[in-house]
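S.K.: Take this structure first; my questions come after.
Residue numbers (my numbering): 10 to 207.
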């Protein structure tokens, strides 16, 4: 069986609208999670990055669990996702480094693109880091919603200029804002934990 014919997708409803999951049915690796169009709340088939993907209407237990995890994360639950089921094979080394560090941002905490660049030892790479997160193939499970602009305002979300979904998910995780800025106690790493050089 060829790789293309083993690619499946399913569309399901969530708190933010229709979400699609694309996976390889042969090895159970997730290839892509697609969020709904911010204007319609609907899934856009044109956003699938692969050709020859077949619709699935009766997913197995594993895909049902992934769907449940995605819904729960959106609702603010602290879900520990098994990242070994994500297919990183088409990503560059830099993209992998950024996404793997992003997954370490704790539930209910927020970092900035600049801070994330510092966490991967590339302090001048805030813009490339933001570009990686804007094209994150696994939004929600790799929580790019937990990274915001350097001024701690929301910014866009997975390539969308509107941060509506991002803010909703963060608020569901308990993050609070003051004048659209993430309050200090939710910032990661905590500015109180950073020791100044001697």
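Just so you know, even glycine gets a beta-carbon here, dropped at the ideal spot from N, CA and C. Given the structure is predicted, the values throughout are model-derived calculations rather than measurements.
Can you tell me where the beta strand (DSSP E) holding residue 195 begins and where it ends?
M.R.: Counting along the chain, residue 195 falls outside any beta strand (DSSP E), and DSSP gives it neither H nor E.
S.K.: Only counting the same chain, and skipping five residues up and downstream in sequence, which positions put a Cβ closer than 7 Å to that of residue 175?
M.R.: 154, 163, 166
S.K.: For residue 41, which three-state DSSP category applies?
M.R.: strand
S.K.: By Cβ distance below 6 Å, which residues in the same chain neighbour residue 199 in space, the five residues on each side in sequence not counted?
M.R.: none
S.K.: Count Cβ pairs between the stretch 30-45 and the stretch 59-77 that sit closer than 8 Å; are there 3 or more?
M.R.: yes
S.K.: Can the beta-carbon of residue 149 be found less than 8 Å from the beta-carbon of residue 43?
M.R.: no
S.K.: Using 8 Å as the Cβ pair cut-off and three pairs as the minimum, do the stretch 132-146 and the stretch 104-116 touch?
M.R.: By the Cβ criterion, the stretch 132-146 is in contact with the stretch 104-116, since at least three pairs of Cβ atoms, one from each stretch, lie closer than 8 Å.
S.K.: Can you tell me whether residue 48 is buried or exposed, with buried defined as 16 or more other CB within 10 angstroms of its CB?
M.R.: exposed
S.K.: Taking 8 Å as the threshold (C-beta atoms), are residue 117 and residue 183 in contact?
M.R.: Yes, the Cβ-Cβ distance between residue 183 and residue 117 is below 8 Å.
S.K.: Find out if the Cβ-Cβ distance for the pair residue 121, residue 157 is shorter than 8 Å.
M.R.: In this structure, residue 121 places its C-beta atom within 8 Å of the C-beta atom of residue 157.
S.K.: Determine the closest residue to residue 114 out of 87, 22, 97, with distance taken between C-alpha atoms.
M.R.: 87
S.K.: Could you give the residue range of the beta strand (DSSP E) that holds residue 15?
M.R.: Note, residue 15: premise wrong, no beta strand (DSSP E); not H, not E.
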